[in-house]
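Chains as they are written, first to last, in our numbering: chain A, 1 to 112; chain B, 113 to 223.
This is how it looks when you write it as structure tokens:
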């Protein structure tokens, strides 16, 4: 079966711009979580969606937002980009959350 | 809030030597998960432990979950170059069991 698909794989944006990242989970998985990975901070939890509802939220500013559609696909938006937002953004899906995740390959965002 | 801590942060071993990484949670966990991330790759789920004192093996990898369900370890016997990568432990915490990751242990293998 198909894995978790994230698009695009790479992005270069300018400070102040906004960006939207997409994640298609494994078919049947209803929980989608987003993580930011940087060399110094490891995997930082952004938010989790389940059946179109945000169930959990990490400690990120309001510039980071997301949503989930009825087909479980999820999008993440970052507005007013800052240099420090440069990171690998990973999406992970599971049946219900709380158990083993399948990660996508990630979107590497570079803010210049 | 809940924290998951891993030690060591880095480990260099000669090929053929053993390797162990340790994970400690500030709270009791319903389960502990282990992931491996190869350089340039994404985390890949290795295993989940649920029971107190549980031990599971995958070929040269041995995973343990502590009796109090607050700590865990991953031991690799006779490391090979294919074991290179960062090993993360993770556990559910907070409402609806969001998964909290440790900062990982980066394993380097010296030929």
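From the three backbone atoms N, C-alpha and C, an ideal C-beta is built for every residue, glycine too.
Predicted model, so just to flag it, every value in this text is computed and none were measured.
- Here the alpha carbon of residue 50(A) sits roughly 45 Å from the alpha carbon of residue 223(B).
- Secondary structure of residue 84(A) (DSSP, three-state): helix.
- Residue range 144–149 is occupied by the beta strand (DSSP E) that includes residue 147(B).
- Setting aside the 5 residues that flank it on each side, residue 3(A) is surrounded in the same chain by 26, 102 and 104, each with a C-beta closer than 8 Å to its C-beta; the list follows chain order.
- No Cβ-Cβ contact shorter than 7 Å links residue 72(A) with residue 110(A).
- At a C-beta separation below 7 Å, residue 215(B) has these neighbours in chain A: 42.
- In this structure, residue 116(B) sits near residue 212(B), with a CB-CB distance shorter than 7 Å.
- At a beta-carbon threshold of 9 Å, none of the residues of chain B lie near residue 21(A); the nearest stands roughly 14 Å away.
- If the five residues before and after residue 79(A) are omitted, its C-beta is found closer than 7 Å to the C-beta atoms of 18 and 63, all from its own chain and listed in chain order.
- Counting along the chain, residue 75(A) sits inside the beta strand (DSSP E) bounded by residues 74–78.
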